[in-house]
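Okay, structure first, notes after.
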Amino acid sequence: MTHTPSPIDAWNGHSGCTWVDLQPVLDGMFRPLKEVLVDEVRARSPRRLLDIGCGTGDTTLAAARALGEDAECVGVDISRPMTEAAVERARRDGSSATFICDNAQTHDFAADSIDMFISRLGVMFFEQAVIAFANLRYAARNDASLCFIVWRSAEENPYMTTAERAAASVIELPPRLPGPGQFGFAERERAASLLADGGWKHVDIQPLDVTCTYPSSELIGYFMRLGPVGVAMQQADEATRTRVIAAVRPAFDPYVFGDEVRYNAACWIIRARAS
Numbered sequence: 016m017t018h019t020p021s022p023i024d025a026w027n028g029h030s031g032c033t034w035v036d037l038q039p040v041l042d043g044m045f046r047p048l049k050e051v052l053v054d055e056v057r058a059r060s061p062r063r064l065l066d067i068g069c070g071t072g073d074t075t076l077a078a079a080r081a082l083g084e085d086a087e088c089v090g091v092d093i094s095r096p097m098t099e100a101a102v103e104r105a106r107r108d109g110s111s112a113t114f115i116c117d118n119a120q121t122h123d124f125a126a127d128s129i130d131m132f133i134s135r136l137g138v139m140f141f142e143q144a145v146i147a148f149a150n151l152r153y154a155a156r157n158d159a160s161l162c163f164i165v166w167r168s169a170e171e172n173p174y175m176t177t178a179e180r181a182a183a184s185v186i187e188l189p190p191r192l193p194g195p196g197q198f199g200f201a202e203r204e205r206a207a208s209l210l211a212d213g214g215w216k217h218v219d220i221q222p223l224d225v226t227c228t229y230p231s232s233e234l235i236g237y238f239m240r241l242g243p244v245g246v247a248m249q250q251a252d253e254a255t256r257t258r259v260i261a262a263v264r265p266a267f268d269p270y271v272f273g274d275e276v277r278y279n280a281a282c283w284i285i286r287a288r289a290s
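This is the structure:
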């Protein structure tokens, strides 16, 4: 059986390095979500912004471009490979954005220091979400706001589990990482209560559906490297890899339109205020 690492080990090992390698594909795929967040940022015009679960920095850098030199944009993520990639991207782009490699749940943020918090699919993984949101509330100024995008349920996002469902017929897959996971905020009421218990007010959660796309030439590399299938393929021999591709690739046919993979991302957009 394939060993399942802890979430922190995974994001600082295979998973984090894979996201760095696939950065152009993933950034392109999630561009519509980034654009939603950047519109929110422009509307608020914060002086100091924190991007939670920033990954390789795409949304942090976009926020910095939108706000200009007068604003300070900081990204935080537990993955060293991804934050190192983000720092390098900022250097190449000449961006003033900065990055912290740490867990936002426990990081020692300065009190009363942040005007706005954003996250693109980065807050579902907290081991203790109420403690995490309370820590962010401690860092928030009294008029601060947040805007997070999270996944709705697996049932509403069948694309996301296509690979593991198809691969399960030919290989034994590792369990998903322990903890809340990708769909940890699928229940609207639970998400609202976690934020309220963490000290946030005026919590508003609305459905958000966007179309995500990427080149179909990247499809096999995508499903063979990410998620439980990606973990299982780390040590797989060529014969096993061939069997998995043969089983999984046809399962994605409903999402392939010519040279493009296209699917609906069923999300929640969460807004709240510090007071």
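With the working numbering as the guide, the letters of the sequence shown map in order to residues 16 to 290. The beta carbon of each residue, even a glycine, is placed where N, CA and C say it ideally should be.
Pairing arginine 277 with threonine 228, the inter-Cα distance amounts to about 4 Å. Per DSSP, the unbroken alpha helix (DSSP H) holding glutamate 50 starts and ends at 46-59.
Apart from sequence neighbours up to five positions away, the residues of its chain that approach isoleucine 23 with a beta-carbon distance below 7 Å are Ile93, ordered along the chain.
Within the segment 179-262, the runs of alpha helix (DSSP H) at least 4 residues long that lie entirely inside it are, in chain order, 203-212, 234-240, 242-248. When rounded, the separation of the alpha-carbon atoms in aspartate 85 and lysine 49 is 21 Å. Look at the segment 150-174 and you find these whole runs of beta strand (DSSP E), each 3 residues long or longer: 155-166. DSSP, read as helix, strand or coil, puts threonine 113 in strand. The C-alpha of threonine 121 lies about 17 Å from the C-alpha of serine 21. Of the residues Leu82, Ile284, Ala159, Pro173, the one whose Cα lies closest to the Cα of aspartate 268 is Pro173. Going by DSSP, aspartate 92 is part of the beta strand (DSSP E) stretching over 87-92.
Bridge partners of glutamate 103 according to DSSP: none are assigned.
By DSSP's assignment, cysteine 282 forms a beta bridge with Trp166, Leu223. In this structure alanine 100 touches glutamine 38 by the C-beta definition: roughly 7 Å separates them, less than 8 Å. Contact between alanine 147 and phenylalanine 141 is confirmed by a C-beta separation of about 4 Å, below the 8 Å threshold. Bounds of the beta strand (DSSP E) holding serine 134 are 129-135. Counting other Cβ atoms within 10 Å of its Cβ, glutamate 275 stays below 16 and is therefore classed as exposed.
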